[in-house]
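Written below as structure tokens is the structure these notes are about.
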């Protein structure tokens with residue numbers, strides 16, 4: 017019987033470290049978060065590496081100062097509320113405008129990892145809403 | 017006779033595209049720049065992928081709003097003026113404080129690539145100074 021690996025991306029291949037499996041209610045499925053910075057608060061930015069098992073995804077949420085996603089591994093989706101989902105692959109970039117409700121996460125058949133850089137933070141974090149329901153996720157494609 | 021490759025990182029292995037060989041006087045050696053964003057000016061950020069052949073490096077410069085470097089390939093250096101050079105490898109992160117004079121570039125025996133994210137740009141670009149001279153570069157290590 018094949019043993020299922022506990023991590024989505026072999027660490028020998030990953031560019032950035034996985035970090036810790038999150039227990040946050042802001043995600044569906046297994047998601048690893050590696051907070052990388054910034055320790056310098058005058059940069060007004062927060063950034064880290066986020067890794068998703070297949071089908072794992074953020075809840076709907078928005079960023080008061082906007083966010084950049086840089087896709088480093090696998091395939092996944094970004095969807096802004098009321099828009100079609102955009103398929104993402106390694107090397108792609110997403111500019112998430114300020115205060116736009118959206119989610120991001122892995123494709124059904126692929127791990128997915130991205131660097132996320134929250135901008136213009138001014139001490140305000142993301143505004144979180146509810147999960148992306150299975151009936152939403154299953155009807156993207 | 018071995019033919020020397022013209023690009024520092026095989027594109028089949030690179031996470032982000034090389035972009036164009038720059039002709040800017042702000043660098044020593046061959047440097048490729050791939051501007052990736054931001055098209056949304058309200059994010060107050062500019063970012064892209066920068067790839068260096070061995071020994072290639074930026075001039076001394078500073079960023080009014082600070083910058084983040086995310087190392088995606090190879091080995092290189094970051095040095096702030098008056099400080100020891102810091103050896104960097106894939107997966108490392110550098111937070112460059114506002115207005116600190118510094119340079120970054122490849123190690124003598126390795127290609128090097130990083131994502132650079134300039135923050136809090138407010139339409140002000142980097143302030144450029146002179147090249148990192150060979151006698152400075154050769155005495156790092």
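Chains as they are written, first to last, in the working numbering: chain A, 17 to 157; chain B, 17 to 157.
Even for Gly, the Cβ is constructed at its ideal location relative to N, Cα and C.
- With contacts defined as CB atoms closer than 8 Å, residue 31/A and residue 31/B qualify as a contacting pair.
- According to the DSSP assignment, residue 89/A belongs to the beta strand (DSSP E) that extends over 83 to 96.
- Residue 83/A is positioned such that its CB atom lies closer than 8 Å to that of residue 134/A.
- Chain B has no Cβ within less than 8 Å of the Cβ of residue 51/A.
- Counting along the chain, the unbroken alpha helix (DSSP H) around residue 151/B starts and ends at 150 to 153.
- Counting only Cβ-Cβ distances below 8 Å, residue 33/B has contacts in chain A at 107, in chain order.
- With fewer than 16 other Cβ atoms inside 10 Å of its own Cβ, residue 140/B counts as exposed.
- Interface criterion met: the Cβ of residue 113/B is under 8 Å from a Cβ in chain A.
- Contact between residue 67/A and residue 25/A holds: CB atoms are separated by about 6 Å, below the 8 Å threshold.
- When only Cα atoms are considered, residue 63/A and residue 74/A end up about 16 Å apart.
- In this structure, the CA atom of residue 65/A is about 6 Å from the CA atom of residue 49/A.
- For residue 60/A, the closest Cβ of chain B is nearer than 8 Å.
- Cβ contact annotation for residue 105/B (same chain, cutoff 7 Å, sequence separation greater than five): 87 and 91, in chain order.
- Among the residues of chain B, those whose CB is under 9 Å from the CB of residue 82/A are 54, 56, 58, 59, 60 and 61, following chain order.
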